[in-house]
Amino acid sequence: MSQLARSSGLTHLARLGFSDLSRADEALAELEEATGVDRSVWLADTARAADPDEAVACLRDVARRDAGPVRRALSDDARRPAVWALFGASQGYGTFFLRHPAELDEVQAPGPLPTAEEITAQMREAIGFSDGFAADGTESAWVALRVRYRRIVARVAVHDLLSPDPVESVRAVSAVLADAAGAALDASLAVARTRISSRGTGAALFAREDVAATRLAIIGMGKTGARELNYVSDVDVIFVGGAEDDDRERLGESRVVDIATRLAVQTMRGISEVEIEPPLWEVDANLRPEGKQGALVRTLESHVSYYERWAKTWEFQALLKARPIAGDADLGRAYVDAVGPKVWTSAARENFVDSVQRMRERVTEHIPPGDVAYQLKLGPGGIRDIEFTVQLLQLVHGRDDELIRQRSTLDALDALEAGGYIGRSDATVFAHDYRLLRLLEHRLQLARLSRTHLMPRDDEARRVLARATRLADSGEAVWQLWESVKREVREIHVRLFYRPLLSAVAALPDEERTLSTAQAHDRLAAIGFRDPAGALRTIGTLTSGISRKASIQRHLMPVMIRWFADGVDPDYGLLAFRRISERLGDTPWFLATLRDSAGAAERLTRVLSGSRYIGELMEWIPESVAWLDDDAALVPRTGVALQQEARAIQTRHATIDDAMRAVRALRRRELLRTAMAAVLGVLTIEQLAASLTTITEVTIQATLRAVRREVVPPEDDDLDFAIIAMGRLGGAELGFGSDADVMYVYRPESVDPERASALSLKIVHELRRVSEDHRLPLDLDADLRPEGRNGPLVRSLEAYAAYYRRWSVSWEAQALLRARGIAGSVKLIRAFMDLADEVRYPEHADPQGIREIKRIKARVETERLPQGADRARHLKLGPGTLSDVEWFVQVLQLQHAHAYPGLRTTSTLAALSAAVDAGLVPASAGERLAEAWHLATRLRSANTLLSGQTSDVLPTDRRQLDGIGRILDYPPRSASALEEDYFRATRRARRVFERLFFG
28 MSQLARSSGL THLARLGFSD LSRADEALAE LEEATGVDRS VWLADTARAA
78 DPDEAVACLR DVARRDAGPV RRALSDDARR PAVWALFGAS QGYGTFFLRH
128 PAELDEVQAP GPLPTAEEIT AQMREAIGFS DGFAADGTES AWVALRVRYR
178 RIVARVAVHD LLSPDPVESV RAVSAVLADA AGAALDASLA VARTRISSRG
228 TGAALFARED VAATRLAIIG MGKTGARELN YVSDVDVIFV GGAEDDDRER
278 LGESRVVDIA TRLAVQTMRG ISEVEIEPPL WEVDANLRPE GKQGALVRTL
328 ESHVSYYERW AKTWEFQALL KARPIAGDAD LGRAYVDAVG PKVWTSAARE
378 NFVDSVQRMR ERVTEHIPPG DVAYQLKLGP GGIRDIEFTV QLLQLVHGRD
428 DELIRQRSTL DALDALEAGG YIGRSDATVF AHDYRLLRLL EHRLQLARLS
478 RTHLMPRDDE ARRVLARATR LADSGEAVWQ LWESVKREVR EIHVRLFYRP
528 LLSAVAALPD EERTLSTAQA HDRLAAIGFR DPAGALRTIG TLTSGISRKA
578 SIQRHLMPVM IRWFADGVDP DYGLLAFRRI SERLGDTPWF LATLRDSAGA
628 AERLTRVLSG SRYIGELMEW IPESVAWLDD DAALVPRTGV ALQQEARAIQ
678 TRHATIDDAM RAVRALRRRE LLRTAMAAVL GVLTIEQLAA SLTTITEVTI
728 QATLRAVRRE VVPPEDDDLD FAIIAMGRLG GAELGFGSDA DVMYVYRPES
778 VDPERASALS LKIVHELRRV SEDHRLPLDL DADLRPEGRN GPLVRSLEAY
828 AAYYRRWSVS WEAQALLRAR GIAGSVKLIR AFMDLADEVR YPEHADPQGI
878 REIKRIKARV ETERLPQGAD RARHLKLGPG TLSDVEWFVQ VLQLQHAHAY
928 PGLRTTSTLA ALSAAVDAGL VPASAGERLA EAWHLATRLR SANTLLSGQT
978 SDVLPTDRRQ LDGIGRILDY PPRSASALEE DYFRATRRAR RVFERLFFG
């Protein structure tokens, strides 16, 4: 051959997938010479080989021993693709055909997979099966069954390797491999019967009649029982022995067990012991009762007794896939019927879910560190993550739903998805990824007919794997695909496997899982529902029907009912949940979030049964349920973000009414977010006040921009207008239900003064009109303006200056202590604040004015208290509550802020802290005042959150007090403790106040 021709030939080999081109060319030439078949006939088919180099080398070796079978295979157009595919994917089969060249004639063109009946018939034919006994009990029978088994698996492998969609074929291939394993064990048992009852086998111990009378059932566990076996995997089994009553009486139970044990030992040896033909796989009986320490064979009664008294959680999980696969079929079915129901009650055991979760973690922990990154089966994101997730879902929910009691992982996934226990997308991803991972596992094991679960570490082996699976074009690509699948599987596994709902469902007592109507009525009343009949109607509305939504609701309800009952008002919580469910309709994410989230369902029951304020808002903003799945979504949005959204609203809406509808929606949404965060303990009291203040400021700013655009014509655009926050808004200390105290100021600039006054008044009236929100009122209260309700609603800056210079009284200077500009002209705000500073931070406080403030305070405590209200329970005006602390601090500010700059703040607590630092207030007194102010502020907000209504009075109803306590993180039934804490704190603060304020 010329150099050019040789070079062209080698290039062609490279295109076919060969790596070592020179060596491959030599092997091809030898194969061509040995078989007498020109390479042009069969060379193109080598492209079907995952590893053409290995395929040619193995066929050459077989041809060296016996060229006939190789010649016939390469000459047959129909068989040739199968031969190249098998030799190219499995060096293990190459060595098998080297041992048994004649078996190559049995490799045929791909056809349908054999049935279980066909496989059993072929295996029995190989050992001369008759009436449960093999024709021969010597080692040659073991060799015969092993060779026949490998012939059958070769047929399966050819079908698998040449399948148009190998990923989709995984389910069918795995099932047939499990059938083949069962047939091999059945054949080995027949050999064992002959072996222990025939002379000359070296194992004869028992009479043939006694052996025939002994029943032995082989139960497949794990992947074998589930019919999802690998090419080379441990076959987990349990042996069950027995005999008919007459035979048991004749032989005695111990004799029956002895014979059955001997049969089991010899059956295992027939499969796993080293012989001329290598073992098929390991027969593992360690899942039997007591594991390796337990008896290899037990009677059915002994098995049942063990599972009733001693079995551990993992043993019930193992039974999930139990299936008779060989031996006495009737005894095997009796075993499954007896122990099967116990599988589905095991989830009721204490800490069941935790123990299963811990078991999975231990599996990962025991992987050698160097193998973790390559572990296809046991590592994070591997096959075990999917299997453990599916099995845990089955064990928890299978107590009530027989449809999900499936052995196969893929069948179970289908059933779990159909039943609504797992989302469609998660089920689809899990099923696809499971098949893909199993395909990788199959090809790795087929390569050398050895048990392995490790991805290749070198590039060449990965390239071969990519070709064998047809999942990728290169070794790097198949590795990256595996990495992406691992991440995908791990994310779903962690989300589903550790979902709190599983532990909650597993912990439900049996009496709460299935109740008659009367029992359910009584149970609901017993756990705290005031209207159990109404609750039953609501539950019926949520769970009736055959829709997927109703199915998921039925899974959620038993657990959610208990969570609702843990709340203050379970009746309202359940009703609000129904309304939210109805508003969201068939929105796919809603129930999936509750089912799959790390805590959304429990959080939802907590906020709905603990806060009418939240419940009423969530009915109108049901998409807020999604926030419960993520603490970050509950964190209040920044003022900058809200401002940007508010400004965007005004650019989208042409009319003021449209713009204000959007602004009101923004405010409601953010108030709901803050309320949910407060009830769930995500916010501190300082963060709560800051959030409520920011939301209110942004709302007022957006409203002013919309109104000004509508009211002030372009020619009057020079008009300066500003809104000054007063009271708790000015102090950035808003709580739920707080009014928005404000003052309005303008400066005409170039606008005619009278027109400026008229336009400003129109702005104020329009502000008050468009800011109205009947669902969540925003009261712009201007009563703290000069002259109170009798004074003008809006004044010019000059008018304010003139008033404060001539007419201002002490309480007006006191009110200015919390004045802070929040909207409108920045220049005007700055000018107004300069004016306010002159009034509120005088160089020398007016003693008469201070006495007047103290006199007003004494009068307020009696005259402003609502009629019939218990003064001691009033959170704002009661002794030691908000007004005591705030008036005391404000008097200090009037007297000393000029000298101590730290007192020049609108914040009550910041001013109190500054007073302590300045030595104006003893530290202990400051602590007691701050404690009382904090508690009263929190109680005010909690009262509004609980009832949905604004109230300044601490309720006397114990249930309401308990609800308020829950919001403040008190344990259940803490009404008395809450009252005691409140009265203790306010009593101490009042003593400090009277001593320091009135002197």
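Each residue of the sequence shown is one higher than the one before, starting from 28 at the first, in our numbering.
Quick reminder that beta carbons are idealized off the backbone N, C-alpha and C, glycines included.
**Message:** Let's test the definition: count the other Cβ atoms within 10 Å of the Cβ of Phe-114 and tell me whether it reaches 16, buried, or not, exposed.
**Reply:** Phe-114 is buried by the Cβ-count criterion.
**Request:** Leaving out five residues on either side along the sequence, give the residues of the same chain with a beta carbon under 7 Å from the beta carbon of Ser-373.
**Result:** These residues qualify, in order along the chain: Thr-340, Phe-343, Phe-379, Leu-422.
**Item:** Touching by the beta-carbon criterion (3+ pairs, under 8 Å), the stretch 860-875 and the stretch 839-846
**Value:** Verdict: yes, contact present.
**Item:** Coarse secondary structure for His-925, derived from DSSP in three states
**Value:** In the structure shown, His-925 adopts coil according to DSSP, grouped into three states.
**Asked** What are the start and end residues of the beta strand (DSSP E) that includes Ala-773?
**Response** The amino acid occupying residue 773 in the given sequence is Tyr; Ala does not appear at that position. Run containing Tyr-773: 767-774, per the beta strand (DSSP E) assignment.
**Distance, Arg-411 Cα to Ala-116 Cα** = Between Ala-116 and Arg-411, the C-alpha separation is close to 25 Å.
**Message:** Tell me whether the stretch 641-661 and the stretch 614-625 touch, counting them as touching only if at least three CB pairs, one residue from each stretch, are closer than 8 Å.
**Reply:** Yes, the stretch 641-661 touches the stretch 614-625.
**Item:** Own chain residues within Cβ distance below 6 Å of Met-482, not counting five before or after
**Value:** Once the five neighbours on either side are set aside, the close Cβ partners of Met-482 are Tyr-401, Leu-403.
**DSSP-derived helix/strand/coil call for Asp-593** = DSSP places Asp-593 in helix when its eight states are reduced to three.
**Request:** Verify whether the separation of the beta carbon atoms of Ala-752 and Val-734 is less than 7 Å.
**Result:** Going by C-beta atoms, Ala-752 is not nearer than 7 Å to Val-734.
**Message:** Alpha carbons only, please: which of Lys-348, Ala-577, Gly-502, His-459 is nearest the one belonging to Tyr-448?
**Reply:** Checked all of Lys-348, Ala-577, Gly-502, His-459; the closest Cα to Tyr-448 is Ala-577.
**Request:** With DSSP as the reference, label Thr-1013 as helix, strand or coil.
**Result:** Correct three-state label for Thr-1013: helix.
**Message:** Which residues does DSSP list as the beta-bridge partners of Ile-750?
**Reply:** Ile-750 is bridged by DSSP to Tyr-771, Ala-850.
**Prompt:** Under the three-state reduction of DSSP, which class applies to Leu-902: helix, strand or coil?
**Reply:** DSSP places Leu-902 in the coil class of the three-state scheme, outside both helix and strand.
**Message:** Under 8 Å: do the stretch 741-760 and the stretch 698-705 share three or more Cβ pairs, one atom per stretch?
**Reply:** No: fewer than three Cβ pairs fall under 8 Å.
**Residues near Ala-759 by beta carbon distance below 8 Å, same chain, minus five either side** = Counting only Cβ-Cβ distances below 8 Å, and skipping sequence neighbours, we find Ala-716, Ala-717, Thr-720, Arg-847, Thr-933, Ser-934.
**Prompt:** From what residue to what residue does the beta strand (DSSP E) around Val-264 run?
**Reply:** Looking at the DSSP string, the run of the beta strand (DSSP E) that includes Val-264 is 262-269.
**Prompt:** Quick one: is Phe-233 buried, meaning 16 or more other Cβ sit within 10 Å of its Cβ, or exposed?
**Reply:** Phe-233 counts as buried, since no fewer than 16 other beta carbons sit within 10 angstroms of its beta carbon.
**Among Leu-476, Arg-277, Glu-713, nearest to Gly-121 - alpha-carbon criterion** = Nearest in C-alpha terms to Gly-121, of all of Leu-476, Arg-277, Glu-713, is Leu-476.
**Message:** Starting from Ile-410, trace the alpha helix (DSSP H) in both directions and tell me its first and last residue.
**Reply:** Counted as a single uninterrupted DSSP element, the alpha helix (DSSP H) harbouring Ile-410 occupies residues 410-424.
**Item:** Presumed contact (8 Å Cβ cut-off) between Glu-643 and Ile-607, rounded CB distance
**Value:** The beta-carbon distance between Glu-643 and Ile-607, rounded to whole angstroms, is 11 Å. This is too long to meet the 8 Å contact definition.
**Asked** Between the C-alpha atoms of Ala-704 and Gln-987, what's the straight-line distance to the nearest angstrom?
**Response** For Ala-704 and Gln-987, the gap between their C-alpha atoms comes out near 20 Å.
**Asked** From the DSSP output, which residues share a beta bridge with Thr-326?
**Response** According to DSSP, which records beta bridges pairwise, Thr-326 is partnered with Gly-268.
**Prompt:** Should Ser-224 and Val-203 be called a contact, given that it needs their Cβ atoms to be closer than 7 Å?
**Reply:** Taking a C-beta distance under 7 Å as the contact criterion, Ser-224 and Val-203 do not qualify as a contact pair.
**Message:** Distance check for Gly-397 and Arg-389, CA to CA, integer angstroms please.
**Reply:** Distance between the alpha carbons of Arg-389 and Gly-397 is about 17 Å.
**Prompt:** Going by DSSP, which residues form a beta bridge with Ile-588?
**Reply:** DSSP output for Ile-588 lists no bridge partner at all.
**Message:** With three or more C-beta pairs closer than 8 Å as the rule, is the stretch 429-442 touching the stretch 235-253?
**Reply:** Touching, yes, given that three or more Cβ pairs across the two stretches are closer than 8 Å.
**Prompt:** How would you label Asn-2, buried or exposed, when you count the other beta carbons within 10 angstroms and need 16 or more for buried?
**Reply:** Beyond the ends of the chain as shown, which are 28 and 1026, falls residue 2; an answer cannot be given.
**Request:** Just the C-alpha distance for Gly-851 and Asp-593, rounded to the nearest angstrom, thanks.
**Result:** Between Gly-851 and Asp-593, the C-alpha separation is close to 48 Å.
**Asked** Where in the stretch 860-908 do unbroken runs of the alpha helix (DSSP H), each at least 4 residues long, occur, reported from the N-terminal end onward?
**Response** Within the stretch 860-908, the complete alpha helix (DSSP H) segments of 4 residues or longer fall at 874-890, listed in chain order.
**Rounded separation between Thr-73 and Val-200 - CA only** = The C-alpha of Val-200 is placed about 24 Å away from the C-alpha of Thr-73.
**Request:** For Pro-763, I'd like the list of residues in its chain whose CB is within less than 6 Å of its CB, leaving aside the five on either flank, ordered along the chain.
**Result:** The sequence shown places Phe at residue 763, rather than the Pro named in the question. Closer than 6 Å at Cβ, skipping near neighbours: Ser-968, Thr-971, Leu-972.
**Asked** In whole angstroms, what is the alpha-carbon distance linking Pro-137 and Arg-315?
**Response** In a straight line, the C-alpha of Pro-137 is about 39 Å away from that of Arg-315.
**Request:** Could you tell me which residues DSSP puts in a beta bridge with Ser-157?
**Result:** For Ser-157, which the question treats as bridged, DSSP gives the partners Phe-160.
**Asked** For the beta strand (DSSP E) that Ile-245 lies in, which residues bound it at each end?
**Response** Start and end: 242-247.
**Whole-angstrom C-beta distance between Arg-484 and Gly-502, which should lie under 8 Å** = The Cβ separation is near 11 Å, so there is no contact.
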